[in-house]
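So the sequence shown is numbered by the numbering used here: it starts at 12 and just counts up by one. Yeah, the Cβ is synthetic: ideal placement off N, Cα and C, and Gly gets one too.
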Amino acid sequence: TLGSTSTICSDKTGTLTQNRMTVAHMWFDNTIIEADTSEDQSGCQYDKTSEGWKTLSRIAALCNRAEFKAGQENVPILKREVNGDASEAALLKCVELAVGDIKGWRARNKK
């Protein structure tokens with residue numbers, strides 16, 4: 012029931028956002044974390060070795076159908092075009108920025 016709901020995620024994009032979404036905040040290790048949206052991850056404010064982050068990033072990468080379009084290896088991650096819905100594209104870009112090699116993770120962890 013709605014009374015036991017702890018998290019609500021919504022996907023409203025298009026009208027004002029030009030159909031682009033980004034991850035702004037994350038919740039893991041019982042803390043709300045502001046996501047670093049810089050290409051070089053210079054503003055990273057969280058511990059990428061924590062079990063909470065490792066679990067969240069693994070889920071965001073592997074339970075996600077979005078994929079980068081081919082031939083964009085030299086394009087900055089946040090500017091790459093993605094096949095998939097806007098929410099999953101935002102998660103893909105976030106984890107690719109922070110961890111990298113999502114394609115490799117998926118190859119090693121077949122569905």
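If you reduce the DSSP assignment to three classes, tell me which class residue 78 lands in. Mapped onto the sequence shown, residue 78 falls at position 67. Collapsing the DSSP output to three states places residue 78 in a strand.
Do residue 102 and residue 120 have their CB atoms nearer than 7 Å? As a first step, residue 102 must be located in the sequence shown, where it is residue number 91. As a first step, residue 120 must be located in the sequence shown, where it is residue number 109. Between residue 102 and residue 120, the C-beta gap is not smaller than 7 Å, which leaves the two residues out of contact.
Compute the beta-carbon to beta-carbon distance between residue 80 and residue 92, rounded to the nearest angstrom, for a pair I have assumed lies under 8 Å. For the purposes of this step, residue 80 is taken as the residue at position 69 of the sequence shown. For the purposes of this step, residue 92 is taken as the residue at position 81 of the sequence shown. At roughly 5 Å, the Cβ-Cβ gap stays under 8 Å, so residue 80 and residue 92 are in contact.
Would you say the beta carbon of residue 83 comes nearer than 6 Å to a heavy atom of the ligand SAM? As far as ligands go, the structure on display features none, and thus does not contain the ligand SAM.
Counting only the same chain and skipping the five closest in sequence on each side, list residues whose C-beta sits under 6 Å from that of residue 107. Your numbering for residue 107 matches position 96 in the sequence shown. Setting aside the 5 residues that flank it on each side, residue 107 is surrounded in the same chain by 88, 113, each with a C-beta closer than 6 Å to its C-beta; the list follows chain order.
Identify the continuous beta strand (DSSP E) that holds residue 42 and give its terminal residues. Looking up residue 42 in the sequence shown gives position 31. Run containing residue 42: 42-45, per the beta strand (DSSP E) assignment.
DSSP three-state call for residue 106: helix, strand or coil? Counting from one through the sequence shown, the residue named residue 106 turns up at place 95. Residue state, collapsed to three classes: helix.
Closest to residue 70 by C-alpha separation, out of 17, 97, 56, 122, would be which residue? By 1-based counting over the sequence shown, the position of residue 70 is 59. With distances taken between Cα atoms, residue 70 lies closest to 122.
Residue range of the unbroken alpha helix (DSSP H) whose run includes residue 72: On the sequence shown, position 61 is the one that residue 72 refers to. First-last of the alpha helix (DSSP H) with residue 72: 62-73.
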